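Undergrad: Following this message is one structure expressed as structure tokens.
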Amino acid sequence: MARLWLCAAGAAVFLFCLLLHSRFCGCPVSRKFAFQFSWRKEEVFYRLDLGWPKYSEYFTGVTFCVAVDSLNGLVYVAQRGDNIPKVLVFTDDGYFLRAWNYTVDTPHGMFVSSTPHEQSVWITDVGSGSYGHTVKKYNSFGDLVQVLGTPGKKGTGLNPLQFDNPAELYVEDTGDIYIVDGDGGLNNRLVKLSQDFMILWLRGENGSGPAKFNIPHSVTLDSDGRVWVADRGNKRLQVFDKDTGEWIGAWSNCFTEEGPSSVRFTPNGKYLVVTQLNLSRLSILAAPPVGSIGDCSVVSTIQLADQVLPHLLEVDRKTGAIYVAEIGAKQVQKYVPWYNHVPAFLV
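Mapping of the sequence shown onto mature numbering (1 follows the signal peptide of the UniProt record, and there is no 0): residues -22 to -1, 1 to 325, in sequence order.
Following this line, the structure appears as structure tokens:
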């Protein structure tokens, strides 16, 4: 019995020291490890994939966003910095494939639209250079295909369409595009474009009331025709009808400490995954039923070490894996569903 007690005490001391080391030293290995330990009982939905990527040395800048081509098993990472490749391409099992740097100034958000006939990589650019304040479409090898906005010039205009620090976008399977504009700029709005880039509807202005925004930072869709926007400055998620743009409601009770920076759904639509940047936290929220959004409910959290700063995330539509771009840690990490603890995310 004495030996058993000593072993347990030794393990507790080891874990305590490991957490202290992670907190004060900022060691990448300790930071990755620290999220797994919590002093409160909570259901764990995900575990960290320590083998992704195979070599983290490819991250040479500040990693702002990540996108997944689920159809082809590819992961795209966009990073900021001088004299570095701005876009990195990995396989979903962690092998580096290629990099490109063409016409990318200061990436903020990213989305991959993939069909059997076309793979498109969309990037929102908030830079002040000749390609800043635009939303750009590339093919999978980095060739520029389309530019939305007035390159190098911020603005509020609609004809022609202008952006000011466009934060993120989501491209529906139909080809329709949802853009949140912008990240602290002149515009606080949500724009829906058709696949031929015509404005279908526009919502928002600066403010805190319904359908108003203070730094709309991320956007996604659910399977019930609702558009979800991370209204970061107002500490809430706002919800709109995708066809009409009508305001449906908002969630704020989960975000009393800090607003959401990113939002995505799991493949089965049962959960939302959000990041809170300065709290270095990922939260798993229960999705609402059809017809009413109800109240926000947190079912699980992943607490990262201090100053990791998770910015934007993406969820693999096939596997349910979460990829998180961390601007403090300057890396992207992958979390995979822990199927032994919760029902499969694809059911």
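Heads up, the beta-carbon is just placed ideally off N, CA and C, and yes, glycines get one too. Remember, it's a predicted structure, so these values are computed and weren't measured experimentally.
1. Consult DSSP for Gly107 and reduce its assignment to one of helix, strand or coil.
2. With Leu122 and Tyr80 assumed to form a contact (beta carbons below 8 Å), what rounded beta-carbon distance in angstroms separates them?
3. How many angstroms separate the CA atom of Asp154 from the CA atom of Lys170?
4. Flag this pair as touching only if the stretch 199 to 206 and the stretch 182 to 189 have three or more C-beta atom pairs under 8 Å; answer yes or no.
5. Between which two residues does the beta strand (DSSP E) harbouring Trp179 extend?
6. By DSSP, does Ser240 sit in helix, in strand, or in coil?
7. Mind checking Asp83: buried by the 16 CB within 10 Å criterion, or exposed?
8. Quick check on the DSSP output: the beta strand (DSSP E) that includes Tyr54 runs from which residue to which?
9. On a CA-only basis, which of Ala283, Gly298, Asn231 and Val207 is nearest Gly306? Give me that one, please.
10. Check for me: the beta strand (DSSP E) holding Thr198 runs from which residue to which?
11. By alpha-carbon positions, which one of Leu215, Gly130, Glu96 and Met88 ends up nearest to Thr112?
12. Flag Gly160 as yes if its beta-carbon sits less than 8 Å from any beta-carbon of chain B, otherwise no.
13. Provide the residue(s) that pair with Ser98 in DSSP beta bridges, ordered along the chain.
14. What first and last residue would you give for the beta strand (DSSP E) that runs through Trp206?
15. Measuring alpha carbon to alpha carbon, tell me which of Pro85, Lys248 and Gln173 ends up nearest Ala264.
16. For Glu292, tell me which candidate among Val241, Trp316 and Gln285 has the shortest Cα-Cα distance.
17. CA-CA distance, Leu75 and Gly272?
18. Tell me, please, which residues DSSP counts as bridged to Trp78.
19. DSSP three-state label for Tyr73, please.
20. Going along the chain, which residues of its own chain have a beta-carbon closer than 8 Å to the beta-carbon of Phe37, five neighbours each way excluded?
21. If distances are taken between C-alpha atoms only, which option among Gly120, Glu146 and Gly72 comes closest to Glu35?
22. Here's the rule: buried if 16 or more other CB atoms are within 10 angstroms of the residue's CB, otherwise exposed. What is Met88?
23. When the Cα atoms are used, what is the spatial distance from Val158 to Arg167?
24. Compare the C-alpha of Phe243 against each of Val99, Arg295, Ala189 and Gly39 and name the closest.
25. Give the DSSP-derived three-state secondary structure of Tyr36 in the structure shown.
26. Going by alpha carbons, who is nearest to Gly107 out of Lys132, His95, Trp100 and Ser230?
27. May I ask you to report which of helix, strand or coil DSSP gives Asn231?
28. Buried or exposed: which applies to Phe175, given that a residue is buried once 16 or more other Cβ atoms fall within 10 Å of its Cβ?
29. Report the CB separation of Ser261 from Gln285 in whole angstroms; it is logged as a contact under 8 Å.
30. What does the alpha-carbon distance come out to for the pair Asp70 and Asn61?
31. Could you tell me the distance, in whole angstroms, from the CA atom of Cys232 to the CA atom of Asp151?
TA: In short:
1. Taking the first residue of the sequence shown as position 1, residue 107 is located at position 129. Note: Gly107 maps to coil in three-state DSSP.
2. In the sequence shown, the residue the question calls residue 122 occupies position 144. In the sequence shown, the residue the question calls residue 80 occupies position 102. That pair is a contact at about 7 Å.
3. As a position in the sequence shown, residue 154 is number 176, starting the count at 1. As a position in the sequence shown, residue 170 is number 192, starting the count at 1. Pairing Asp154 with Lys170, the inter-Cα distance amounts to about 7 Å.
4. no
5. For the purposes of this step, residue 179 is identified with residue 201 of the sequence shown, where counting begins at 1. Here the beta strand (DSSP E) through Trp179 covers Ile177 to Arg181.
6. Taking the first residue of the sequence shown as position 1, residue 240 is located at position 262. Reduced to three states, the DSSP call for Ser240 is strand.
7. The count along the sequence shown starts at 1 and reaches residue 83 at position 105. Result: buried.
8. Within the sequence shown, numbered from 1, the residue matching residue 54 stands at position 76. Element bounds for Tyr54: Leu52 to Arg58.
9. In the sequence shown, counting from the first residue as 1, residue 306 sits at position 328. Selected option, being the one with the closest Cα: Ala283.
10. Position 220 of the sequence shown holds residue 198. Thr198 -> beta strand (DSSP E) spans Pro194 to Leu199.
11. Here residue 112 corresponds to residue number 134 of the sequence shown, with the count starting at 1. Looking at the Cα atoms, Gly130 is the closest of the given residues.
12. No chain B appears in this structure, which consists of one protein chain only.
13. Residue mapping note: residue 98 aligns to position 120 of the sequence shown, counting from 1. In DSSP, Ser98 forms a bridge with Ser91 and Asn117.
14. Position 228 of the sequence shown, counting from 1, holds the residue named residue 206. Segment Arg204 to Asp209, the beta strand (DSSP E) holding Trp206.
15. Along the sequence shown, read from residue 1 onward, the residue named residue 264 stands at position 286. Here the closest residue by C-alpha is Lys248.
16. Numbered from its first residue, the sequence shown carries residue 292 at position 314. Comparing Cα positions, the closest option is Val241.
17. Walking along the sequence shown from the start, residue 75 turns up at place 97. Walking along the sequence shown from the start, residue 272 turns up at place 294. Cα to Cα, Leu75 sits roughly 44 Å from Gly272.
18. Reading the sequence shown from its first residue, position 100 is the one you call residue 78. Answer is Val65.
19. As a working note, residue 73 is residue 95 in the sequence shown. In this structure, Tyr73 counts as coil in the three-state DSSP scheme.
20. To locate residue 37, count along the sequence shown from 1; it is residue 59. Answer for Phe37: Val55, Gln57, Leu66, Lys308, Gln309 and Val310, listed in chain order.
21. On the sequence shown, residue 35 is found 57 positions in, with the first residue counted as 1. Measuring from the Cα of Glu35, the nearest candidate turns out to be Gly72.
22. Taking the sequence shown and counting its residues from 1, the one referred to as residue 88 is at position 110. So Met88 ends up on the buried side.
23. The residue given as residue 158 occupies position 180 in the sequence shown. The residue given as residue 167 occupies position 189 in the sequence shown. Looking at the two C-alpha atoms, the distance is approximately 6 Å.
24. By 1-based counting over the sequence shown, the position of residue 243 is 265. That would be Arg295, whose Cα lies nearest to the Cα of Phe243.
25. Numbered from its first residue, the sequence shown carries residue 36 at position 58. In the structure shown, Tyr36 sits in a helix (DSSP, three-state: H, G or I).
26. The residue labelled residue 107 in the question sits at position 129 within the sequence shown. Of the listed residues, the one whose Cα sits closest to Gly107 is Lys132.
27. In the sequence shown, residue 231 corresponds to position 253, counting from 1. Residue state, collapsed to three classes: coil.
28. As a working note, residue 175 is residue 197 in the sequence shown. Its Cβ having fewer than 16 others within 10 Å, Phe175 is exposed.
29. Taking the first residue of the sequence shown as 1, we reach residue 261 at position 283. Taking the first residue of the sequence shown as 1, we reach residue 285 at position 307. With a Cβ gap of about 18 Å, Ser261 and Gln285 do not count as contacting.
30. Indexing the sequence shown from 1 puts residue 70 at position 92. Indexing the sequence shown from 1 puts residue 61 at position 83. Distance between the alpha carbons of Asp70 and Asn61: 26 Å.
31. Taking the sequence shown and counting its residues from 1, one reaches residue 232 at position 254. Taking the sequence shown and counting its residues from 1, one reaches residue 151 at position 173. When rounded, the distance between both Cα atoms is 30 Å.
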